[in-house]
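Throughout the sequence shown, residue numbering follows the working numbering, covering 1 to 84 in sequence. The block underneath contains the structure these notes are about, expressed in structure tokens.
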Amino acid sequence: MARMSTENYSRAELISLYSDLQKEAWGFRPREFDFMSTAQIGREVEKFRNLLADMAAEAAEEADPNSWKKYVPSSTFTNTISFS
1 MARMSTENYS RAELISLYSD LQKEAWGFRP REFDFMSTAQ IGREVEKFRN
51 LLADMAAEAA EEADPNSWKK YVPSSTFTNT ISFS
């Protein structure tokens with residue numbers, strides 16, 4: 001999915017997007033935006049987009065039942081039992 005640049009959004013749209021992204025990431029909405037410039041809000045939107053993408057990647061890895069194998073050297077699984 002292609003992302004639109006935050007430059008294509010109005011201030012009101014950026015505030016709404018920022019509020020939604022923060023709510024999704026942290027579970028609560030930001031309180032005030034008066035002290036933030038439109039550029040700052042755009043940077044926050046990008047920060048939360050990246051954070052949510054990272055969170056989705058981590059969730060996908062945690063859901064994979066074989067993901068633990070990449071943390072264990074393959075030599076650990078060799079059979080060392082010998083019968084004499």
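Yeah, the Cβ is synthetic: ideal placement off N, Cα and C, and Gly gets one too.
- For the options 50, 38, 51 and 25, the alpha carbon positioned closest to that of residue 15 is the one of 38.
- Distance from the CA atom of residue 49 to the CA atom of residue 65, rounded to whole angstroms, is 26 Å.
- Annotation: residue 66 is outside any alpha helix (DSSP H) and is labelled neither H nor E by DSSP.
- Straight across, the Cα-Cα distance linking residue 72 with residue 36 is about 46 Å.
- The residue among 67, 9 and 59 with its C-alpha nearest the C-alpha of residue 25 is 59.
- Distances from the CA of residue 53 to each of 33, 32, 13 and 22 were compared; the closest alpha carbon is that of 22.
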